[in-house]
Amino acid sequence: MNKIDTDHIKTGKLPSKKSLYIIKIGGNVIDNSENLYHFLKDFEALDGLKILVHGGGKVATQMAEDLGIESKMVDGRRITDIETLRVVTMVYGGLINKNIVAQLQRFGNNAIGLTGADGNFIKAVKRPVKTIDYGFVGDIVKDSINPENISRLMEAGFTPVFCAITHDGEGQLLNTNADTIASALAVSLSGLYETTLIYCFEKKGVLKDINDEESLIREINPQHYEELKVERIIHSGMLPKLDNAFTAIACGVKAVIIGKSDDLGQLKDNKPFGTRLTKSA
Numbered sequence: 001m002n003k004i005d006t007d008h009i010k011t012g013k014l015p016s017k018k019s020l021y022i023i024k025i026g027g028n029v030i031d032n033s034e035n036l037y038h039f040l041k042d043f044e045a046l047d048g049l050k051i052l053v054h055g056g057g058k059v060a061t062q063m064a065e066d067l068g069i070e071s072k073m074v075d076g077r078r079i080t081d082i083e084t085l086r087v088v089t090m091v092y093g094g095l096i097n098k099n100i101v102a103q104l105q106r107f108g109n110n111a112i113g114l115t116g117a118d119g120n121f122i123k124a125v126k127r128p129v130k131t132i133d134y135g136f137v138g139d140i141v142k143d144s145i146n147p148e149n150i151s152r153l154m155e156a157g158f159t160p161v162f163c164a165i166t167h168d169g170e171g172q173l174l175n176t177n178a179d180t181i182a183s184a185l186a187v188s189l190s191g192l193y194e195t196t197l198i199y200c201f202e203k204k205g206v207l208k209d210i211n212d213e214e215s216l217i218r219e220i221n222p223q224h225y226e227e228l229k230v231e232r233i234i235h236s237g238m239l240p241k242l243d244n245a246f247t248a249i250a251c252g253v254k255a256v257i258i259g260k261s262d263d264l265g266q267l268k269d270n271k272p273f274g275t276r277l278t279k280s281a
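Last residue of the sequence shown? That's 281 in the UniProt record's numbering, and every number before it is there in order.
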């Protein structure tokens with residue numbers, strides 16, 4: 001019997017969970033090789049277990065254009081017909097994913113690039129047609145994630161790098177929102193690990209004044225969030241992001257951090273980073 005099990009029996013206390021960072025990066029990192037280099041260097045420097053989630057930035061749109069395939073967007077969501085699915089699979093699961101993995105190997109991180117189909121890690125259901133037919137877009141539902149298989153991979157010393165491609169379990173690949181994948185992973189793995197979800201984007205975090213980077217709000221709990229909405233400090237596009245973040249926290253995620261990719265290294269140095277969303281004050 002190992003030491004942790006022995007201590008558990010002697011003290012009657014549950015063994016503490018390992019920490020896990022799940023970090024999602026956006027186009028502002030992916031589309032700029034210098035930003036990506038510095039981000040991945042900071043990502044590798046973080047202690048403990050970690051997972052990286054990414055989308056496709058502008059690369060998929062450019063690739064589709066080069067192939068004569070029109071990119072159709074509705075409310076920021078990509079319409080994914082069969083030709084577009086082929087492009088995003090090549091770009092997300094191939095070009096971008098493998099470039100990230102190669103860069104992490106360069107920094108000594110034994111990363112492994114994945115889609116949701118690999119290891120049956122992430123299943124989804126094809127989005128039903130309502131007013132808009134989004135095509136081969138996947139929605140994550142309850143029990144979509146296989147946390148035990150992902151845990152085995154991490155405990156074996158690998159760092160998973162997930163792109164925004166899932167599958168339906170019936171042989172069909174699906175294009176799935178990377179923010180949603182990151183949140184679903186965090187919720188599912190929070191039963192096994194003390195999980196912190198981090199969204200890296202172009203701003204320092206949630207700002208009181210969108211035009212003033214120095215107006216950063218360091219911490220928000222649910223009560224404070226309601227006050228900020230009433231005051232219209234948080235509105236429009238930030239609402240769904242924060243709603244999803246607090247849903248994740250309510251489902252067991254320790255904290256959600258929204259911050260600038262350039263500043264990720266501050267976590268390693270135990271300095272304040274971004275806006276931290278928590279369950280309570």
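Cβ coordinates follow ideal geometry from the N, Cα and C atoms, glycine included. Note that the coordinates shown come from a computational prediction; the quantities given were computed from them, not determined experimentally.
According to DSSP, residue pairing for residue 259 in a beta bridge involves 200. The C-alpha of residue 25 lies about 30 angstroms from the C-alpha of residue 131. Of the other Cβ atoms in all chains shown, 16 or more fall within 10 Å of the Cβ of residue 160; this residue is therefore buried.
In the displayed model, residue 78 falls within a strand according to three-state DSSP. Scanning the segment 83-171 from its first residue to its last, the whole beta strand (DSSP E) runs of 3-plus residues come out as 111-114, 159-162, 165-167. For residue 42, the closest C-alpha among the options 267, 251, 274 is that of 267.
For a cut-off of 8 angstroms, the C-beta gap from residue 48 to residue 21 is around 7 angstroms, short enough to register as a contact.
Taking residue 61 as the centre and dropping the five residues before and after it, the same chain places the C-beta of 71 closer than 7 angstroms to its C-beta, in chain order. For residue 22, the secondary structure class from DSSP, reduced to helix, strand or coil, is strand.
Here the segment 153-169 does not lie against the segment 209-218, with fewer than 3 beta-carbon pairs under 8 angstroms apart.
Contact between the segment 243-254 and the segment 193-209 is present: 3 or more CB-CB pairs across the two stretches fall below 8 angstroms.
Here the segment 165-175 does not lie against the segment 220-238, with fewer than 3 beta-carbon pairs under 8 angstroms apart.
Distance from the Cα of residue 52 is smallest, within the candidate group 186, 38, 30, 162, for 162.
Ranked by how close their Cα comes to the Cα of residue 222, the residues 238, 200, 203, 245 have 245 in first place. Excluding residues up to 5 positions away in sequence, 229 lie with their Cβ nearer than 8 angstroms to the Cβ of residue 239 in the same chain.
Considering only 227, 206, 200, 167, the residue with the shortest C-alpha distance to residue 117 is 167.
For the pair residue 44 and residue 171, the Cα-to-Cα distance works out to about 33 angstroms. DSSP places residue 29 inside the alpha helix (DSSP H), whose first and last residues are 27-30. Residue state for residue 214 is assigned as coil, using DSSP reduced to three classes. Short of 8 angstroms from the beta carbon of residue 88, and not among the five residues preceding or following it, lie these beta carbons of its own chain, in chain order: 56, 60, 78, 80, 164, 165, 175. Minimum Cα-Cα distance from residue 19 among the listed residues 272, 75, 227, 189 corresponds to 189. Using a Cβ distance threshold of 8 angstroms, residue 126 and residue 108 do not count as a contacting pair.
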